[in-house]
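Here the working numbering is used: position 358 in the first sequence is 346, and no number is missing along the way.
We put the beta carbon where it would ideally sit given N, CA and C, even for glycine.
Taking it in order: structure first as structure tokens, then the write-up.
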Amino acid sequence: MSEAHKSLNFLEQIVEDDLANGYTREQLRFRFPPEPNGYLHIGHCKAIGISFGLGEKYDAPVNLRFDDTNPAKEEQEYVDAIKEDVSWLGYKWDKVCFSSDYFQQLYDWAVLLIKYGKAYVDSQSSEEMAEQKGTPTQAGVAGPYRDRSVAENLDLFERMKAGEFKEGEHVLRAKIDMEDPNMLMRDPLMYRILHKEHHRTGDAWCIYPMYDWTHGESDYIEQISHSLCSLEFKPHRKLYDWFLDQVYTGKDLRTKQREFARLNLNYTIMSKRKLLRLVEEGVVTGWDDPRMPTISGLRRRGYTPVALRNFVDKVGVAKRENVIDVSLLEFNIREDLNKIATRVMGVLDPVKLVITNYPEGNEEVLEADNNPEDPSAGTRYVPFSRELYIEREDFKEDAGNKYFRLTLGSEVRLKNAYIIKGESVVKDASGTITEIHCTFDPESRSGSGTEASKRTVKGTLHWVSIQHAIKAEVRLYDRLFNNESPDGDPEKDFISFINPDSLKVITGYLEPFMANATVGDSFQFQRLGYFNVDLDSSPQNLVFNRTVGLRDSWAKQKPKQQPEQGQPKPQQQQQASALSTINKLGKKLANLPEEKRLATISDIEKLAGTLTQEEVIGFFGTASKKVGTRMAGIVSLYAFAKAHSKEISNIPGAEEFIQKAKEDKNELLQDVAIR
RNA sequence: UGGCCCAUGGUGUAACUGGCAACACGUCGGUUUUUGGUACCGAAGAGUCUAGGUUCGAGCCCUAGUGGGCCAACCA
-11 MSEAHKSLNF LEQIVEDDLA NGYTREQLRF RFPPEPNGYL HIGHCKAIGI SFGLGEKYDA
49 PVNLRFDDTN PAKEEQEYVD AIKEDVSWLG YKWDKVCFSS DYFQQLYDWA VLLIKYGKAY
109 VDSQSSEEMA EQKGTPTQAG VAGPYRDRSV AENLDLFERM KAGEFKEGEH VLRAKIDMED
169 PNMLMRDPLM YRILHKEHHR TGDAWCIYPM YDWTHGESDY IEQISHSLCS LEFKPHRKLY
229 DWFLDQVYTG KDLRTKQREF ARLNLNYTIM SKRKLLRLVE EGVVTGWDDP RMPTISGLRR
289 RGYTPVALRN FVDKVGVAKR ENVIDVSLLE FNIREDLNKI ATRVMGVLDP VKLVITNYPE
349 GNEEVLEADN NPEDPSAGTR YVPFSRELYI EREDFKEDAG NKYFRLTLGS EVRLKNAYII
409 KGESVVKDAS GTITEIHCTF DPESRSGSGT EASKRTVKGT LHWVSIQHAI KAEVRLYDRL
469 FNNESPDGDP EKDFISFINP DSLKVITGYL EPFMANATVG DSFQFQRLGY FNVDLDSSPQ
529 NLVFNRTVGL RDSWAKQKPK QQPEQGQPKP QQQQQASALS TINKLGKKLA NLPEEKRLAT
589 ISDIEKLAGT LTQEEVIGFF GTASKKVGTR MAGIVSLYAF AKAHSKEISN IPGAEEFIQK
649 AKEDKNELLQ DVAIR
């Protein structure tokens, strides 16, 4: 027996194929090549997961390479942030590299290209060059400097490097083909003059290499076996290979670029430029604002590396455009936090609850599980007293029997404490409830082992003792954008889709245990969601972020109770089922083994009696290659005619449908058609 | 007047390389539960973009079409 085949994504498949065709394991090497011009986001998480994941899978080194060829945009701050993010995710790079470390080598190679007649100095304006470049549908033409002599090119390039010219005066271009259908091959720029300070090389250079010239050659220098990037670089591959041809010695590893689809998430944006705008315009507080899809934002929000890695893993790798539903991200963080987060009680929208038969001034300490998913997490103590806060939403004066919470006259359990019964309410002048009065069953204390403690009641509420509660600032986050695809509308600026309620700051009341919470700690506020301690928090002023709410099937149910119109759904379903069953059966008909096929045909015959004539006629348009469906159609047609005592000739199109089947090459189809 | 890439349930990825379309999220039921959480069980939902072709047999191979994406920065 062959063992179950573990399916590989197409990149793993490429690596496997290469391994089978002569690459050694030792040759495998990958790289993650961010430009240090912004913070990493969840999309980069996928790219990181792919390259570093391959590294882990094949035990191959992965370089973290900063693609820093544009001194105007790049900064050390970003380098530091990127390093922190990658290592926080739990990945270990082999070497930290910088493209700028290769400037000299790149320059030497460029000189070589000039000598070979493969590169030249152009001295036109960018507008002129763009003009000559043509358009995607129109070939370009040569510019006037294309055939400068090698000597002149060498001299000019040397002087460009020496700083003799102003920015924009000259550029170095590869000499390839101005008529290539791929625009990138129409004599792409290799160098431009930039009199700018570079974050690493300072003022050592005033000419800087362009991406295409830099990236592939950096891969080559580092001997990267597989240079993986996103789909928009597909057209660059031809140029990547061309440049590589010019410097490849034939003695070492030839690198290759392969492309995958980048990650998109709904209700957010992934463009660094636009994220920068959110930061600069103060829409958010910074790159690490917990509403940002950046890794640092997600971290601050309370996401864990495990959750992010699982997410990327579930998303998969392919070449088609995709939009991932945020619910998948949320699933992954809940899954992880459910296992590890300590459960605590906190009330975010308090209403006072007075237990009228609980002795005044009395208090006791109750034991509570830290995590029911993990017995080793232990227990802690929670103080209980006569006056508590409960969630305003957890009480209704009267409600239907689908409401499991506190009402007047009903019983609920206070988590880890007693069973109480709603007795009366106190309201202010406007009718708002200010106090709820209840009585408790003294025998019912959790874990006491009494009969009363084992009673089951419909609902359990979380609570906090007013006199012991500590206050905390709680930041409730919602999605940053109201629109599923904020940058998908060419007419509207993405900023206009900002959700005005993406942040709500409230005061919450927490059990005293929380006084010791330190920055970064994650908790589950029971029945509410997962919360972590924000960077802004201090022992004097605790600040929590809501990472994500708990799944809430009650919240989903509520809106349904209102409108409720009579829906003819069951009827529809029944109608559809005979036809859809036949369709389903028919689809595989031609591929089934003899015995099973005959049995299926007789099943179809039984079902077909209940079809309408319209449904039967619907089969006549079936595509000719769908033999199974055509067979099912023929069988249904005969069975239908028989059941309704109809002549085939009286059903429009039927004879032709049968005739075509009889003439078909497929014998199975002929068989069912001939009667 | 172009070139390249892509097309499988609502979403995303599979289908051991041509053999009865699977997994996850989501949705809807149910069981358990001192969290309306978790866990567990179950269901609905895809004729694999269209039309041809090759084949005993096509989601997979071929052709044409349709739809979507990318390509004209001295950005990466």
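Are three or more beta carbon pairs between the segment 27 to 34 and the segment 57 to 64 nearer than 8 Å? No, the segment 27 to 34 is not in contact with the segment 57 to 64.
Starting from V74, trace the alpha helix (DSSP H) in both directions and tell me its first and last residue. Counting along the chain, the alpha helix (DSSP H) containing V74 begins and ends at Q64 to W76.
Alpha carbons only, please: which of V342, S137, M117 and S114 is nearest the one belonging to Y104? Ranking V342, S137, M117 and S114 by Cα distance to Y104 puts S137 first.
Where does S412 land, buried or exposed, given buried means 16+ other C-beta within 10 angstroms? A residue is called buried once 16 or more other Cβ atoms fall within 10 Å of its Cβ, and S412, having fewer, is exposed.
Can you give the beta carbon distance from V536 to E318, rounded, assuming they're within the 8 Å contact cut? At roughly 5 Å, the Cβ-Cβ gap stays under 8 Å, so V536 and E318 are in contact.
Under 8 Å, with one C-beta from each stretch per pair, do the segment 82 to 101 and the segment 31 to 41 reach the 3-pair mark? Counting C-beta pairs with one atom in each stretch, the segment 82 to 101 and the segment 31 to 41 have fewer than three that are closer than 8 Å, which means they do not touch.
Cβ-based neighbour list, L577, same chain, cut-off 7 Å, excluding 5 preceding and 5 following: These residues qualify, in order along the chain: R585, T588, G616, M619 and A620.
Within 10 angstroms of its Cβ, does S612 collect 16 or more other Cβ (buried), or is it exposed? Answer is exposed; the Cβ neighbour count stays below 16.
Which value, in whole angstroms, describes the spacing of the CA atoms of G156 and N320? Rounded to whole angstroms, G156 to N320 spans 50 Å at the Cα level.
Between which two residues does the beta strand (DSSP E) carrying V536 extend? Counting along the chain, the unbroken beta strand (DSSP E) around V536 starts and ends at V531 to G537.
Under three-state DSSP, which class holds F153? If DSSP states are grouped into helix, strand and coil, F153 belongs with coil.
Tell me, please, which residues DSSP counts as bridged to P410. First, the amino acid is wrong: residue 410 is Gly here, not Pro. Beta-bridge pairing links G410 to L396 and C426.
Are there 16 or more other CB atoms within 10 angstroms of the CB of L402, so buried, or fewer, so exposed? By the neighbour-count rule (16 or more Cβ atoms within 10 Å), L402 is buried.
Under 8 Å between the Cβ atoms of P24 and V74? No; because the gap between Cβ atoms is not below 8 Å, this pair is not in contact.
Report all residues from its chain with a CB closer than 6 Å to the CB of T189; omit the five preceding and five following residues, and keep chain order. The answer, listed in chain order, is S88.
Can you tell me whether I622 is buried or exposed, with buried defined as 16 or more other CB within 10 angstroms of its CB? Counting Cβ neighbours within 10 Å, I622 comes out buried, since at least 16 surround it.
Leaving out five residues on either side along the sequence, give the residues of the same chain with a beta carbon under 6 Å from the beta carbon of P474. Same-chain partners within the cutoff: I257, F482 and F485.
Does E220 pass the burial test, meaning 16 or more other C-beta atoms within 10 Å, or should it be called exposed? By the 10 Å Cβ count, E220 comes out exposed.
Within 8 Å, do at least three Cβ pairs link the segment 489 to 506 to the segment 318 to 337? Of all C-beta pairs linking the segment 318 to 337 to the segment 489 to 506, three or more are shorter than 8 Å, placing the two stretches in contact.
Assigned exposure category for F(-2) - 16 Cβ within 10 Å defines buried: With fewer than 16 other Cβ atoms inside 10 Å of its own Cβ, F(-2) counts as exposed.
Same chain, Cβ closer than 6 Å to T282, five either side skipped, listed in chain order: The answer, listed in chain order, is Y27, H29 and W275.
Nearest candidate by alpha-carbon position, reference E379, set K340, F231 and R250: When the alpha-carbon of E379 is set against those of K340, F231 and R250, the nearest one is in K340.
What would DSSP say about S39, mapped onto helix, strand or coil? The three-state secondary structure of S39, taken from DSSP, is helix.
Pick out the complete alpha helix (DSSP H) segments inside the segment 73 to 105, 4 residues or longer, and give them in chain order. Along the segment 73 to 105, the alpha helix (DSSP H) occurs as fully enclosed runs of 4 or more residues at 91 to 103, listed in sequence order.
Where does A365 fall in DSSP's three states? Helix, per DSSP.
What three-state label does DSSP hand I343 in the structure shown? Reduced to three states, the DSSP call for I343 is strand.
Give me the Cα-Cα distance between F299 and T598, rounded to the nearest whole angstrom. For F299 and T598, the distance between alpha carbons rounds to 47 Å.
From this set, G78, N389 and W451, which residue's C-alpha is nearest W542's C-alpha? For the residues G78, N389 and W451, the minimum Cα distance to W542 belongs to N389.
Cα-Cα separation, A249 to M171: Distance between A249 and M171, taken at the CA atoms: about 22 Å.
For I454, does the three-state DSSP call read helix, strand or coil? Shown here, I454 sits in coil according to DSSP, grouped into three states, outside any helix or strand.
Could you give the distance in angstroms between the alpha-carbon of R289 and the alpha-carbon of R467? Near 12 Å, if we compare the C-alpha coordinates of R467 and R289.
C-alpha gap between A98 and V129, whole angstroms: Rounded to whole angstroms, the gap between the alpha carbons of A98 and V129 is 23 Å.
Q245: which of T12, Y236 and K226 sits nearest, CA to CA? Comparing Cα positions, the closest option is K226.
Measure how close the beta-carbons of H456 and P371 come, nearest whole angstrom, since I'm counting them as under 8 Å. The beta-carbon distance between H456 and P371, rounded to whole angstroms, is 4 Å. This is short enough to meet the 8 Å contact definition.
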